[in-house]
Amino acid sequence: MPEENEREIVLSILQERAHTKKYSNVLIRRALDAHDAMDQQKKAFVKRLAEGVIEREKELDAVIRAHLKNPRTSIKGTIWLILRMGVYQILYMDSVPDFAAVNESLKLARAHHLAAQTGFLNAVLRSICRDKEQGQKPGEKTVYIAMNGASRRVTRSLNQEEQAALSMPEDIRKIWEEDYGKETEEALSKAMMEIRPVCIRFDPRVSEEKRRETEEAIRALGAKVEPAHWVPDCRYLTKIPAVTKLPGFAEGLFTVQDESSALVGMAAGLLGDEKILDLCAAPGGKSVLLACLAPKGTVLSFDLTREKTARIAENARRMHVENITIREGDATQENPELIDSADFVLCDVPCSGLGVITRKRDIKYNADPEKIRSLVRLQRKILDNAVRYVRPGGILLYSTCTIDLAENNRQAAYLEKQLGMEPTDLAPLLPKDMPGIEGNCLQLFPHIHRTDGFFLARFRKPEKANG
65 MPEENEREIV
75 LSILQERAHT
85 KKYSNVLIRR
95 ALDAHDAMDQ
105 QKKAFVKRLA
115 EGVIEREKEL
125 DAVIRAHLKN
135 PRTSIKGTIW
145 LILRMGVYQI
155 LYMDSVPDFA
165 AVNESLKLAR
175 AHHLAAQTGF
185 LNAVLRSICR
195 DKEQGQKPGE
205 KTVYIAMNGA
215 SRRVTRSLNQ
225 EEQAALSMPE
235 DIRKIWEEDY
245 GKETEEALSK
255 AMMEIRPVCI
265 RFDPRVSEEK
275 RRETEEAIRA
285 LGAKVEPAHW
295 VPDCRYLTKI
305 PAVTKLPGFA
315 EGLFTVQDES
325 SALVGMAAGL
335 LGDEKILDLC
345 AAPGGKSVLL
355 ACLAPKGTVL
365 SFDLTREKTA
375 RIAENARRMH
385 VENITIREGD
395 ATQENPELID
405 SADFVLCDVP
415 CSGLGVITRK
425 RDIKYNADPE
435 KIRSLVRLQR
445 KILDNAVRYV
455 RPGGILLYST
465 CTIDLAENNR
475 QAAYLEKQLG
485 MEPTDLAPLL
495 PKDMPGIEGN
505 CLQLFPHIHR
515 TDGFFLARFR
525 KPEKANG
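Letter by letter, the sequence shown follows residues 65 to 531 in the working numbering.
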């Protein structure tokens with residue numbers, strides 16, 4: 065099979081994900097970089113098919129099983145991955161004719177020495193095609209009912225509960241329902257299935273004229289460029305080639321950063337000369353932003369491994385930021401040198417990542433209540449140290465990219481009630497019409513704010529210890 069056959073590339077991504085459990089966004093980016101000479105249309109196909117198969121994994125499996133003679137038939141390995149790919153193309157990729165989706169799936173099976181299973185593969189996929197031709201939509205399902213002593217197959221629309229069950233693991237849905245109620249859980253599950261545009265953030269030091277020139281150069285490639293909703297420096301891009309190929313990227317005029325994350329710069333409320341500490345800094349987008357907003361100050365960025373600190377350094381170099389010092393360090397271990405040293409501490413802690421499911425499609429398959437409880441314990445270890453590093457009167461900003469009360473509001477309460485930090489209002493620092501600000505806390509939801517899910521909480525360290 066030709067090296068740049070896009071379906072072969074997608075299959076290799078799915079196989080590596082199954083074997084290594086690595087996140088799909090990393091695997092997809094690596095695969096596209098390895099096939100950099102491939103034209104943009106094929107790259108877009110690879111990205112769409114790989115992300116779609118992973119995102120709708122539970123739904124595709126349900127559709128496949130509904131078209132098996134015996135729904136309990138055990139099917140594993142490569143043939144199951146090829147089935148998922150074929151079904152996704154049939155149901156969700158209008159640009160791919162049904163016959164092509166079937167034929168290309170059969171070719172893929174033969175190329176992987178699965179010729180003996182092509183008859184089975186062909187029968188399942190063509191059965192799904194027939195249902196589609198008869199008007200069955202992705203939001204419907206096939207069920208079997210007993211009638212006059214025989215079994216009859218009928219199609220009916222999925223109710224909201226069934227649709228959610230096919231798109232989002234039960235553990236996550238249960239967490240969201242317990243935290244926010246059934247209506248919000250259903251809205252979140254739906255929003256997390258949407259394809260969101262790429263968000264870039266211009267360096268705040270870049271002039272308006274240079275921004276306009278860069279935007280026009282990007283549009284000239286056939287892309288769509290739109291203002292973001294809350295952060296003036298951010299833009300949403302669609303129909304683009306690889307971000308690294310865009311005009312202005314190599315020069316460091318912008319970086320990829322969702323505006324939810326970019327709100328950290330606004331919420332920081334910097335004066336420009338602060339001594340800043342970023343404890344869990346990789347890949348460095350927030351450190352770089354804070355350094356730009358404090359040109360007379362300094363940023364000390366920590367993360368756990370050499371690989372992570374290298375990514376921070378790479379971003380800082382490309383964005384021409386020089387007032388950053390980067391070190392390896394474990395944020396759960398107290399560093400005596402840092403006690404009472406920082407005017408501003410950013411604690412963007414490791415979290416479940418449930419707010420960025422639209423960016424990292426398989427996060428939802430890796431989260432469960434026990435992992436979240438473990439993360440909460442880890443976060444508190446980091447917070448215990450972070451509070452010690454803030455000078456009296458200094459500011460601590462806590463943030464996560466998740467939608468989970470245990471990791472967000474309850475940690476904010478821990479900072480206030482157990483660690484003695486004073487809440488400071490976010491409203492004066494953020495856009496006036498932004499919904500969801502509650503005192504010193506803000507929870508962003510994709511279906512409300514049209515951003516990634518993200519949480520912010522702002523605190524001041526008392527000048528004198530209480531009591």
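Glycine included, C-beta positions come from ideal geometry on N, C-alpha and C.
Identify whether residue 397 lies in helix, strand or coil by the three-state DSSP scheme.
Correct three-state label for residue 397: coil.
Fully enclosed by the stretch 380-450, which beta strand (DSSP E) runs are 3 residues long or longer?
Complete beta strand (DSSP E) runs here, min 3: 388-392 and 406-412.
Let me check understanding here. Comparing Cα to Cα, which of 356, 240 and 351 lies closest to residue 335?
Of the candidates 356, 240 and 351, 356 places its Cα closest to the Cα of residue 335.
For residue 265, which beta-bridge partners are listed by DSSP?
In the DSSP output, where bridge partners are listed per residue, residue 265 has 298 and 319.
I'd like the span of the alpha helix (DSSP H) that includes residue 193, first residue to last.
Residue 193: member of the alpha helix (DSSP H) spanning 182-197, first to last residue.
Residue 74 versus 131, 265, 152 and 122, residue with shortest Cα-Cα distance
The residue with the shortest Cα to Cα distance from residue 74 is 152.
Nearest candidate by alpha-carbon position, reference residue 173, set 188, 498 and 142:
Out of 188, 498 and 142, 142 has the C-alpha closest to the C-alpha of residue 173.
So, does the stretch 276-294 touch the stretch 315-327, judging by three or more C-beta pairs under 8 Å?
Because the criterion of three Cβ pairs below 8 Å is met, the stretch 276-294 and the stretch 315-327 touch.
So for residue 501, helix, strand or coil by DSSP?
If DSSP states are grouped into helix, strand and coil, residue 501 belongs with the strands.
Residue 371, buried or exposed, once every other Cβ within 10 Å from all chains shown has been counted against 16:
Classification for residue 371: exposed.
Given a cut-off of 9 Å on the beta-carbon distance, is the pair residue 361 and residue 338 in contact?
Contact flag set, yes.
What's the gap between the Cα of residue 408 and the Cα of residue 524?
Our two residues, residue 408 and residue 524, have alpha carbons roughly 9 Å apart in a direct line.
Where the alpha helix (DSSP H) containing residue 542 begins and where it ends:
Only positions 65 to 531 of the chain appear in this structure, which leaves residue 542 out of reach.
Could you give the first and the last residue of the continuous alpha helix (DSSP H) run that contains residue 166?
Membership of residue 166 in the alpha helix (DSSP H) is indicated by the continuous run 162-175.
Tell me the DSSP secondary structure of residue 475 in three-state form.
In the three-state DSSP reduction, residue 475 falls in the helix class (H, G or I).
Please name the residue or residues paired with residue 508 in a DSSP beta bridge.
Answer by DSSP bridge pairing, in chain order: 518.
In the DSSP output, what is residue 279 paired with across the bridge?
Beta-bridge pairing links residue 279 to no other residue.
Given this structure, state the Cα-to-Cα distance separating residue 317 from residue 305, to the nearest angstrom.
If I take the Cα positions, the gap works out to 17 Å.
What first and last residue would you give for the beta strand (DSSP E) that runs through residue 340?
That run of the beta strand (DSSP E) goes 339-342.
6 Å Cβ shell around residue 249 - same chain, five flanking residues per side excluded:
Hits under 6 Å: 237, 240 and 241.
If we count the other Cβ atoms within 10 Å of its Cβ and call it buried at 16 or more, is residue 90 buried or exposed?
Residue 90 comes out exposed.
Residue 264 vs residue 115 beta-carbon contact at 9 Å:
The beta carbons of residue 264 and residue 115 sit no closer together than 9 Å.
Bridge partners for residue 459 per DSSP, in chain order?
Residue 459 is bridged by DSSP to 408 and 524.
Just to confirm before moving on: does the CB-CB distance between residue 522 and residue 461 stay below 9 Å?
Between residue 522 and residue 461, the CB-CB gap stays under 9 Å.
I'd like to check one pair, residue 414 with residue 526: are the Cβ atoms closer than 9 Å?
Residue 526 places its beta carbon 9 Å or farther from that of residue 414.
Assign residue 449 to one of two classes, buried (16 or more other C-beta atoms within 10 Å of its C-beta) or exposed (fewer than that).
Note on residue 449: 16 or more other CB atoms within 10 angstroms of its CB, so buried under the neighbour-count rule.
Please identify the residue among 267, 168 and 421 whose C-alpha is closest to the C-alpha of residue 321.
Comparing Cα positions, the closest option is 267.
Separation of residue 309 from residue 92, as counted between CA atoms:
Residue 92 and residue 309 have their alpha carbons spaced roughly 16 Å apart.
Report the three-state DSSP secondary structure of residue 364 (helix, strand or coil).
Strand.
Compare the beta carbon distance of residue 376 and residue 405 with 9 Å and say whether it is the shorter of the two.
Contact flag unset, no.
Under three-state DSSP, which class holds residue 216?
With a pLDDT of 44 at residue 216, under the threshold of 50, the predicted position of this residue should be treated as unreliable, though the coordinate-derived value follows. Of the three classes helix, strand and coil, the one that applies to residue 216 here is strand, per DSSP.
Can you give, in chain order, each stretch of the alpha helix (DSSP H) that sits fully within the stretch 104-160 and has at least 4 residues?
You should have 104-119, 121-130 and 142-156.
Given this structure, state the Cα-to-Cα distance separating residue 85 from residue 94, to the nearest angstrom.
Rounded to the nearest angstrom, the two C-alpha atoms are 15 Å apart.
Quick one: residues in its chain with C-beta nearer than 8 Å to the C-beta of residue 444, no 5 flanking neighbours on either side, listed in chain order?
Once the five neighbours on either side are set aside, the close Cβ partners of residue 444 are 475 and 478.
According to DSSP, residues forming a beta bridge with residue 288
In DSSP, residue 288 forms a bridge with 302.
Starting from residue 356, trace the alpha helix (DSSP H) in both directions and tell me its first and last residue.
That run of the alpha helix (DSSP H) goes 349-357.
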